[in-house]
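Single-structure report; data block below.
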Amino acid sequence: MLATTDLSAPARHAAQRAALLASQTGARLELLHVLEKTALEALQATFFDQDAAVAERVRELAREALDQLATDIGEPLGITAGLHLEEGTVLDIIAAQADRLDASLLVLG
378 MLATTDLSAP ARHAAQRAAL LASQTGARLE LLHVLEKTAL EALQATFFDQ
428 DAAVAERVRE LAREALDQLA TDIGEPLGIT AGLHLEEGTV LDIIAAQADR
478 LDASLLVLG
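Under my numbering, the residue at position 1 of the sequence shown is numbered 378, and the numbers go up by one with no gaps.
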């Protein structure tokens with residue numbers, strides 16, 4: 378099962394439901410957050426003198442938020458989610474990850 382998240386509150390709720398389904402069915406839960414390439418490029422253009430540092434900080438914050446989400450939704454149910462942080466075009470990355478993981482269910486949040 379692949380649950381995608383933009384790390385918003387509604388997406389958190391979708392991830393919680395995915396975790397519940399995974400715990401009830403024994404499915405492996407994989408969480409995916411995609412850093413949109415155009416958004417990263419816009420940040421880098423805005424902070425052109427610090428572009429590498431800004432992009433790296435965005436990656437760190439996204440990883441921390443994804444880790445925290447996995448802990449928050451997995452611990453109460455006794456499951457550990459696989460974590461995937463990717464950069465690129467959201468739909469392309471989701472499709473590729475779903476295919477790569479042979480996901481039986483895709484939860485979008």
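All residues carry an ideal CB built from backbone N, CA and C; glycine is no exception.
Proximal residues to alanine 442 (C-beta, below 7 Å), its chain only, five neighbours per side dropped: Leu384
Just the C-alpha distance for leucine 408 and leucine 483, rounded to the nearest angstrom, thanks. 10 Å
Entirely within the segment 398-466 and at least 3 residues each: give me those beta strand (DSSP E) ranges in chain order. 407-413, 459-465
Looking at the structure shown, is leucine 384 part of a helix, part of a strand, or coil, going by DSSP? coil
Where the beta strand (DSSP E) through leucine 485 begins and ends: 483-485
Measuring alpha carbon to alpha carbon, tell me which residue in Glu433, Ala392, Leu478 is nearest alanine 380. Ala392
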